[in-house]
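Numbered according to our numbering, the sequence shown spans residues 7 to 176.
Idealized CB from N, CA, C, for every residue including glycine.
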Amino acid sequence: MRKFKPIMKTHVLFFFLMVALLAASCSTIDDGDYVKPITLNEKIAGRWVVNSVVQTDESNSQKMPLTNLLDFDTFVINLNADEDQRPTTFSVEGKAPTLLPLKGTWALDYDYTKSDATASHIVLNSDAGVTKLTVTGVPGADRILEYKFTRTVNGQPFVSYTYNLMSAVK
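Here it is in structure tokens:
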């Protein structure tokens with residue numbers, strides 16, 4: 007009988023340890039209600055006024071500021087959304103050269119930040135066709151949106167325009 011007492015003590019100790027662990031795992035902390043994740047649509051939708059426009063020669067990476075030339079400083083883009091923050095229509099205002107279509111519908115190629123760290127695209131659909139804008143800066147606390155419009159010939163980029171925009175709504 008003496009050989010079994012140390013084993014019994016170990017089993018009893020193990021039993022009480024397990025009961026204590028089970029009791030501790032029964033948490034009653036309220037984690038709150040479910041909230042939908044924030045989409046890029048919510049961050050990008052709105053009225054955007056130009057901060058700067060830079061033209062880049064894609065063959066040699068030479069840059070040229072265009073903001074104060076050819077009325078680019080009047081550029082405004084409205085990216086409208088419905089009550090559920092889904093993209094609807096867009097319109098472009100100002101006297102800047104018409105590099106982008108003036109009106110139509112818009113969408114994002116993916117509603118959330120991509121896990122593979124590739125850039126999202128704003129897709130503008132208009133009577134003139136489809137225009138893709140590469141998002142290079144997502145609005146956050148600073149409410150700055152940046153995207154790049156690239157022109158190509160035979161699939162090769164030759165010039166791009168980087169628009170840095172600030173939210174018109176404070």
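Per DSSP, Glu152 lies in no alpha helix (DSSP H); the unbroken beta strand (DSSP E) holding it starts and ends at 150-159. Counted as a single uninterrupted DSSP element, the alpha helix (DSSP H) harbouring Ile50 occupies residues 46-50. Across the structure, Lys120 and Leu46 are spaced so that their CA atoms are roughly 10 Å apart.
Boundaries cannot be given for Tyr116, as no beta strand (DSSP E) includes it and DSSP labels it neither H nor E. Around the beta carbon of Pro93, 16 or more other beta carbons lie within 10 angstroms, which makes this residue buried.
Of the candidates Ala123, Lys101, Leu75, the residue whose Cα lies closest to the Cα of Thr142 is Ala123. Cα atoms of Trp112 and Ile35: separation of roughly 42 Å, rounded to the nearest angstrom.
Per DSSP, Leu76 lies in no beta strand (DSSP E) segment and is marked neither H nor E. Proximity to Val56 across Arg157, Tyr153, Leu114, Thr95 peaks at Tyr153, based on C-alpha coordinates.
Annotated three-state conformation of Leu139 is strand, per DSSP. Selection Asp90, Phe22, Phe20, Val59 evaluated against Lys42 yields Asp90 as nearest (Cα-Cα).
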